[in-house]
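Asks: Here it is, the structure in full.
Residue numbers (the working numbering), protein chains in the order written: chain A, 1 to 115; chain B, 116 to 228.
The structure is reproduced here in structure tokens:
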């Protein structure tokens with residue numbers, strides 16, 4: 001069955017430090033992969049997506065993610081974190097199920113940023 | 116450009132009262148529409164999805180129902196709310212195809228007293 005695992009429930013980094021959020025997926029075919037961010041009390045905003053081609057994808061707000069098929073991973077990175085990046089981050093796999101495009105979400109990683 | 120609107124932003128309702136949450140999408144036609152619930156500190160649970168007017172599928176059995184009376188309108192309802200219906204409700208839309216991302220509204224915080 002398809003699944004998405006985000007091993008880290010909480011991560012705390014200092015402002016200006018680099019960030020890597022882990023995501024592993026289980027899916028038989030070539031996956032469509034997404035990262036979303038959710039600020040407290042808000043909806044989810046799409047950061048970036050991977051369909052095919054270049055395995056390093058750039059997103060909004062200075063984020064990037066790298067697809068590694070051999071590791072079934074799609075980790076999110078940012079070279080220098082800003083205090084405004086504190087939020088919850090969700091990784092997701094997209095697939096067709098029952099005639100509609102379904103997203104399988106990970107449980108999320110909550111990011112705290114220390115000044 | 117496409118936009119999605121959800122209202123109300125917050126709602127406090129007594130147990131046993133009815134519920135109606137509305138979601139509308141602008142700037143696209145024939146979208147797939149979704150209702151999710153997010154319990155405090157937990158991930159997203161898909162409640163309903165719709166691929167067209169009047170076409171509703173439920174992912175989990177529950178006290179809620181959904182309707183799509185117009186192409187870009189999606190409504191989440193209940194006849195009698197339970198305490199367990201409390202949570203953060205999110206509406207989303209997408210285009211057709213697995214490569215299409217879902218785009219989310221700002222959510223409704225529902226508290227049941």
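We put the CB at the ideal spot given by N, CA and C, even for glycine.
Would you call the segment 69-83 of chain A in contact with the segment 151-160 of chain B, where contact means no fewer than 3 C-beta pairs closer than 8 Å?
Replies: The segment 69-83 of chain A vs the segment 151-160 of chain B: no contact.
Asks: Could you pull out every residue in the same chain whose Cβ sits closer than 8 Å to the Cβ of residue 64 of chain A, ignoring the five residues on either side in sequence?
Replies: For the purposes of this step, residue 64 of chain A is taken as the residue at position 64 of the first chain. If we look at residue 64 of chain A and ignore the five residues flanking it on each side, its Cβ neighbours are 48, 56, 57, 58, 76, 77, 78.
Asks: Given that a residue counts as buried once 16 or more other Cβ atoms are within 10 Å of its Cβ, and exposed if not, what is residue 195 of chain B?
Replies: In the second chain, the residue the question calls residue 195 of chain B occupies position 80. With fewer than 16 other Cβ atoms within 10 Å, it is exposed.
Asks: So the beta strand (DSSP E) residue 145 of chain B belongs to, where does it begin and stop?
Replies: Here residue 145 of chain B refers to the residue found at position 30 when the second chain is read from its first residue. Counting along the chain, residue 145 of chain B falls outside any beta strand (DSSP E), and DSSP gives it neither H nor E.
Asks: Among A/61, A/82, A/28, which residue has its Cα nearest to the Cα of residue 17 of chain A?
Replies: If you number the first chain from 1, residue 17 of chain A lands on position 17. The shortest Cα separation from residue 17 of chain A among A/61, A/82, A/28 belongs to A/82.
Asks: Whole angstroms is fine: what's the gap from residue 142 of chain B's alpha carbon to residue 93 of chain A's?
Replies: Along the second chain, one-based indexing puts residue 142 of chain B at 27. Along the first chain, one-based indexing puts residue 93 of chain A at 93. Distance between the alpha carbons of residue 142 of chain B and residue 93 of chain A is about 25 Å.
Asks: Spell out a yes or no on whether the segment 209-226 of chain B and the segment 100-110 of chain A are touching, meaning 3 or more CB-CB pairs, one atom from each, closer than 8 Å.
Replies: With a cut-off of 8 Å, the segment 100-110 of chain A and the segment 209-226 of chain B count as touching, because enough Cβ pairs lie within range.
Asks: At the 8 Å Cβ level, is residue 96 of chain A part of the contact set with chain B, yes or no?
Replies: Here residue 96 of chain A refers to the residue found at position 96 of the first chain. Yes, residue 96 of chain A lies at the interface with chain B (some Cβ there is under 8 Å from its Cβ).
Asks: Quick one: grab the DSSP three-state call for residue 171 of chain B.
Replies: On the second chain, position 56 is the one that residue 171 of chain B refers to. Strand at residue 171 of chain B.
Asks: Do residue 74 of chain A and residue 32 of chain A have their CB atoms nearer than 8 Å?
Replies: Residue mapping note: residue 74 of chain A aligns to position 74 of the first chain, counting from 1. Residue mapping note: residue 32 of chain A aligns to position 32 of the first chain, counting from 1. No; because the gap between Cβ atoms is not below 8 Å, this pair is not in contact.
Asks: Which residues mark the beginning and the end of the beta strand (DSSP E) in which residue 34 of chain A is found?
Replies: Along the first chain, one-based indexing puts residue 34 of chain A at 34. Residue 34 of chain A -> beta strand (DSSP E) spans 32-38.
Asks: Thinking C-alpha only, which one of B/199, B/166, B/189 is nearest residue 121 of chain B?
Replies: The sequence position of residue 121 of chain B within the second chain is 6, counting from 1. The residue with the shortest Cα to Cα distance from residue 121 of chain B is B/189.
Asks: Inspect the beta-carbon positions of residue 87 of chain A and residue 37 of chain A and report whether they are closer than 8 Å.
Replies: Within the first chain, residue 87 of chain A is the residue found at index 87, counting from 1. Within the first chain, residue 37 of chain A is the residue found at index 37, counting from 1. Going by C-beta atoms, residue 87 of chain A is nearer than 8 Å to residue 37 of chain A.
Asks: Are the beta-carbon atoms of residue 200 of chain B and residue 227 of chain B separated by less than 8 Å?
Replies: Position 85 of the second chain, counting from 1, holds the residue named residue 200 of chain B. Position 112 of the second chain, counting from 1, holds the residue named residue 227 of chain B. Yes, the Cβ-Cβ distance between residue 200 of chain B and residue 227 of chain B is below 8 Å.
Asks: I'd like to know whether the C-beta atoms of residue 223 of chain B and residue 133 of chain B end up nearer to each other than 8 Å.
Replies: Counted from its first residue, the second chain places residue 223 of chain B at position 108. Counted from its first residue, the second chain places residue 133 of chain B at position 18. No, these two residues do not count as a Cβ contact at 8 Å.
Asks: Within 8 Å (strictly less), CB to CB, does residue 33 of chain A reach chain B?
Replies: Residue 33 of chain A sits at position 33 when you count from the first residue of the first chain. It does not; no Cβ of chain B falls within 8 Å.
Asks: On the premise that residue 166 of chain B lies in contact with residue 208 of chain B, defined as a C-beta separation below 8 Å, what is that separation, rounded to the nearest angstrom?
Replies: Against the second chain, residue 208 of chain B aligns to sequence position 93. Against the second chain, residue 166 of chain B aligns to sequence position 51. Residue 208 of chain B to residue 166 of chain B, Cβ: 11 Å. No contact.
Asks: In chain order, what are the residue ranges of uninterrupted beta strand (DSSP E) at least 3 long that sit wholly in the segment 174-204 of chain B?
Replies: Counting only runs of 3 or more, we get 180-185, 188-193.
Asks: Any C-beta of chain A within less than 9 Å: which residues of the segment 191-218 of chain B qualify?
Replies: Residues 203, 205, 206, 207, 209, 210, 211, 212, 213, 214, 215, 216, 217, 218.
Asks: Less than 8 Å between the C-beta atoms of residue 191 of chain B and residue 148 of chain B, yes or no?
Replies: Here residue 191 of chain B refers to the residue found at position 76 when the second chain is read from its first residue. Here residue 148 of chain B refers to the residue found at position 33 when the second chain is read from its first residue. No.
Asks: To the nearest angstrom, how far is it from the Cα of residue 218 of chain B to the Cα of residue 44 of chain A?
Replies: Within the second chain, the letter at position 103 stands for residue 218 of chain B. Within the first chain, the letter at position 44 stands for residue 44 of chain A. Using only the alpha carbons, I get a separation of about 7 Å.
Asks: Determine, using beta carbons only, whether residue 127 of chain B comes closer than 8 Å to chain A.
Replies: Within the second chain, the letter at position 12 stands for residue 127 of chain B. Judged by the 8 Å Cβ criterion, residue 127 of chain B is not in contact with chain A.
Asks: Skipping 5 residues on each side, what residues in its chain have a beta carbon closer than 7 Å to that of residue 202 of chain B?
Replies: What you label residue 202 of chain B is simply residue 87 of the second chain in a count that begins at 1. Once the five neighbours on either side are set aside, the close Cβ partners of residue 202 of chain B are 152, 153, 154, 225.
Asks: Who are the neighbours of residue 159 of chain B on chain A, taking C-beta pairs under 7 Å?
Replies: Walking along the second chain from the start, residue 159 of chain B turns up at place 44. Going along chain A in sequence order, the residues near residue 159 of chain B (Cβ under 7 Å) are 105.
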